[in-house]
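What follows is a set of notes on a single structure, which appears directly below.
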Amino acid sequence: MNNKYSLPKDGGLIAESAPRDIIHRYEKIHTKVYENEYKGVQYVADAIVKAIRTYNEIHSSNEVYEEPQPFVLGLTTGRTPLGLYRELVKRHQEGSISFRNVAVYSLDEFYPIKSTEQQSRNYRIHEEFLNHIDILPENVHIPNGTIAEDRVSEYCASYDHAVRHIDLMIIGVGEDGQIGFNEPGSYVRSRTRLVQLTYNTRKIQSGAFYGLENTPKMAITMGIDTIMRADRIILMAWGENKAQIIQKVVEGEITNQVPASYLQGHSNIEVVIDENAAQLLTREQTPWMVGPCEWTPKFVRKAVVWLCGVVKKPILKLTYKDYIENSLGELLEQGRTFDQINIDVFNDLQHTISGWPGGKPNADDSTRPVPSTPFPKRVVIFSPHPDDDVISMGGTFIRLVQQGHDVHVAYETSGNVAVHDDVVLQNIDTARELGYGDHYAEVEKIIANKKKGEPEPRELLNLKGSIRRAEARAAVRSFGLNPDTNAHFLNLPFYETGGIKKGQLSEKDTEIIVKLLREVKPHQIYAAGDLADPHGTHRTCMEAVLNALEVVKDDEWMKDCHLWLYRGAWMEWDLGMVDMAVPLSPDELIMKRHAIYRHLSQKDIMPFPGDDPREFWQRAEERTQNTAKLYDQLGMAEYQAIEVFVRMF
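FYI, in the numbering used here the residues of the sequence shown are 588 to 1236.
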C-alpha cells in the first residue's frame, strides 16, 4: 500500500516567491515537507540508494582501501519506516540497488526479549526488510535482548564501540521527542545503554504486546552521542499525531525534555515529513508570517478564523488595526477592504451550516453545501470500526435517515481485537442463562490457552467480531435504520490478521468495496478522513475507499457522487477547511449518545484508550460542542453541537 491520501491544497504559501532563508527562518533544522508519506519515502529511498552507490564507487576506485569496508546504515524500527522498507525492497527486487556491501546497525531493542518473538525489533526488521534483500548475515547488527543482566553494561559498551561510525542514520521520533528509547531527560553525551522505559512509552507499545503487563520494562538503545556521531542523519515523521513534536524539534529550543531537539546541533541532518506532520510549523500553520501567499476564499477564511482567535473577537468586529498588527497586511492588498473581507468570510462560513446534510427538497440551494436534487439520495457511510459511524457523525447519520434518504452503512473491519475477554464470557453466560446452550467452559478454555504476545485464536476472534456486529446493528436500529438490509459488514481482509499488526491492502479489499458501491450507486459517500498514523486502521480504510473509487470513477453514477470526510473521536477539521457543518439539537445529541451506548464492549474500559480518560460518547459530545462554541465565538448562531465535514470531490 502506498499512502498517497492527502487533502487537496487550497491556497497557501507561495514558496518560490521568497528566498529560502526567509521561508525557513523559524526552522532550526533543514526540513523537507512532502504532500504525503509516499512522496517523502521516495526522497529518503533515493537518498539511501545514492549514498550507497556513491560510497561503493569511491571505495572501489581507491587503492587505499585494500580491505573493502561496507557502507554503514543505521536503521530504526516501528511504524514510521514501514513505507521506506517496502520501497527499498521493491527497488532491490527491481535490480536498482544491492545491499551486499552494506552493514546495518539497529537503533534499539526491548529487554529482555528473544529475537524470535514477533514484538522484538530484531524480528520486525527482518520480517519487514532484511529478509527480502541481499544483505550478508554477518553485516546485520541488532542489540541482543537476551544478554545476561550482569553482562549488559559490557555488551552495550561493545555495541557502542562497534557502531562508532555510521555513514547514514535513518530515525523516527516518538510523540514525547524520543529517538530510539532515549526518553525525555536523556543526557546529550549518553552512549548505548540499558534504559528503563517510561510508563507512557510502555503504554504506547502495549498494543503490540497484547497488554501492559506483557510489555518489557527496559530496552537497549543507542545513546544521543552515538546517534550524533553519524556522518548524516535523516529523521522521518508521518501523520498529524507527530505534528506537535515536530514543531518542538524543528522550531523549539534544545532541551533534554525533547531528546530529538539535540539534533539541532548536528551539521548534516534533515527532517523529512508529510504535510500532516508539518501542520504546526510556522510556514504551514501561519504562512502569512513567512512569505507571500495565494489568497483563495478558503485560505482567507483560515487566516480570518486564526485572527479571531488571536484578538479574541468575532469576525464582524475585526478592525484594520487587527489585520495590520498580526501580519495580515498582504491580505488587505488583494483588492478588498478589511470590512468587506469580514462580511465575505462571515457569509462564507455561515453558508457551511446546514441542517439538511442530504439537501433540502424544494429549496433554493444556491448557498447550501448540498444540492436539493435528487431527493431522496442514496448514501453510503464507511465506518473503519463498528462504532466510528455513530461516534464521529452520529447526528448527521440520524438526520440522513430521518429525512428520508436511502442510507447504507459499511463497517470496513470487524474491530474484534478491541473486545476484552471478560466481555465475551459475559455474553456467553447470558446466552447460557437464556437457554441457548452452555458453551461457557469451552470459551473459558480457549481464553486460558491464549499464548502471551501472540495473535488470538480464530475461534475467539470470531466471537468478538459477532459481539461488535450485534452492537452495530443495535446502534443503527435505535434511530430507524434497518440493519438487515442497510448495514454491511465488509470484514476487509487486511485487518483479519488476529493481531495488532495488520496486513497490507490488496485487490481483494478493493473488490469488496467496489461491489458495494456498484450495488448502491450512492449520491453521497461519507468516509473517515484520518490524517494521523499512515499505517493505522483509519488511514488504511481511507486508502481502501480511494482505491475503490479509482476503479469506479468512470461509472455513470459517479458523475453525481460526492465524497464527504469526517474525523475521528479525538480530532476535528480546522474551520478553514470545512465545507459542511451540521448542527445538532439537544434531543439529537441525546439520540446520538444512546446509539453510542449500544456499543457496550467499548464502554468504560478499552484496550486502546490512549491518554484520554473520557468515554467515547463524552469525547464525541465535547468535540462537537466545542465546534459549536467556536462557531458561536466567530459570530454565528449558537447551537448545542455541530458535526463538520470536508468535501474531497
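Glycine included, each C-beta is placed from N, C-alpha and C at the ideal position. None of the values given here were measured: they were computed from a predicted structure.
Cβ-based burial, residue i [other Cβ within 10 Å; buried from 16]
i	result
residue 1226	buried
residue 1134	buried
residue 585	Not covered by the structure: residue 585. The range shown for the chain is 588 to 1236.
residue 1036	exposed
residue 1195	Bear in mind that a pLDDT of 47 at residue 1195, under 50, signals an unreliable position, so the model cannot answer this.
residue 1006	buried
residue 862	buried
residue 1062	buried
residue 1207	buried
residue 606	exposed
residue 967	buried
residue 1197	Reliability fails at residue 1197, whose pLDDT of 47 lies under 50, so the model's placement of it is uncertain and no value is given.
residue 641	exposed
residue 1149	buried
residue 1021	exposed
residue 1236	exposed
residue 737	exposed
residue 633	exposed
Residue i (DSSP reduced to helix, strand or coil)
i	result
residue 980	helix
residue 759	coil
residue 965	strand
residue 710	helix
residue 751	coil
residue 861	strand
residue 809	coil
residue 1132	helix
residue 792	helix
residue 780	strand
residue 1224	coil
residue 684	coil
residue 845	strand
residue 1195	Its pLDDT being 47, under 50, residue 1195 is placed unreliably by the model, and the measurement read from it follows with that caveat. In the structure shown, residue 1195 sits in coil (DSSP, three-state: anything other than H, G, I, E or B).
residue 727	strand
residue 1066	coil
residue 642	helix
residue 1245	Residue coverage of the chain in this structure runs from 588 to 1236, which leaves residue 1245 outside it and unanswerable.
residue 866	coil
residue 1049	helix
residue 1158	coil
residue 839	coil
residue 612	coil
Residues that DSSP places opposite residue i in a beta bridge
i	result
residue 1151	1113 and 1234
residue 881	599
residue 661	692 and 756
residue 997	969 and 1075
residue 822	758 and 858
residue 1170	1229
residue 557	The structure shown has nothing for residue 557, since the chain only spans 588 to 1236.
residue 940	1168
residue 619	859
residue 766	769
CA nearest to the CA of residue i, picked from the options
i	options	result
residue 1038	688, 759 and 797	797
residue 866	827, 904, 890 and 841	827
residue 891	646, 869, 1202 and 933	933
residue 837	1209, 1062 and 619	619
residue 664	674, 695, 639 and 675	695
residue 845	679, 717 and 772	772
residue 803	839, 786 and 753	786
residue 1186	864, 1077 and 1010	1010
residue 697	1217, 1019, 767 and 737	767
residue 981	1184, 681, 1103 and 659	1184
residue 843	775, 790 and 819	775
residue 994	898, 1222, 1106 and 1008	1106
is_contact[residue i, chain D] using C-beta, thresh 8 angstroms
i	result
residue 765	Among the protein chains of the structure shown there is no chain D, as only one such chain exists.
Subject >> Segment contact, 8 angstroms Cβ cut-off, at least three pairs: the stretch 664–683 with the stretch 805–825 >> reply: yes
Original post:
For the 8 angstroms Cβ check, are there 3 or more pairs between the stretch 599–612 and the stretch 877–887?
Top reply: yes
Original post:
With a cut-off of 8 angstroms, do at least 3 Cβ pairs link the stretch 828–836 to the stretch 758–767?
Top reply: yes
Original post:
Looking at C-beta atoms only, is the number of pairs between the stretch 675–692 and the stretch 776–790 that lie closer than 8 angstroms three or more?
Top reply: no
Original post:
Between the stretch 1055–1067 and the stretch 968–979, do three or more beta carbon pairs fall short of 8 angstroms?
Top reply: yes
Original post:
How do the stretch 939–954 and the stretch 915–931 stand: do at least 3 beta-carbon pairs fall below 8 angstroms, yes or no?
Top reply: Flag = no, the stretch 939–954 and the stretch 915–931 do not touch.
Subject >> Sufficient close CB pairs (3 or more, under 8 angstroms) joining the stretch 867–877 to the stretch 792–812 >> reply: Touching, no, given that fewer than three Cβ pairs across the two stretches are closer than 8 angstroms.
**OP:** Could you say if the stretch 1166–1174 and the stretch 1125–1133 meet the contact criterion of at least three C-beta pairs nearer than 8 angstroms?
**Re:** no
Original post:
Is the stretch 1106–1116 close to the stretch 955–973, with three or more CB pairs under 8 angstroms?
Top reply: Contact holds: three or more Cβ-Cβ distances are below 8 angstroms.
Original post:
If we count Cβ pairs, one from each stretch, closer than 8 angstroms, do we get three or more for the stretch 803–813 versus the stretch 710–723?
Top reply: no
Original post:
Is there contact between the stretch 1096–1106 and the stretch 1068–1084, where contact requires at least three CB pairs shorter than 8 angstroms?
Top reply: yes
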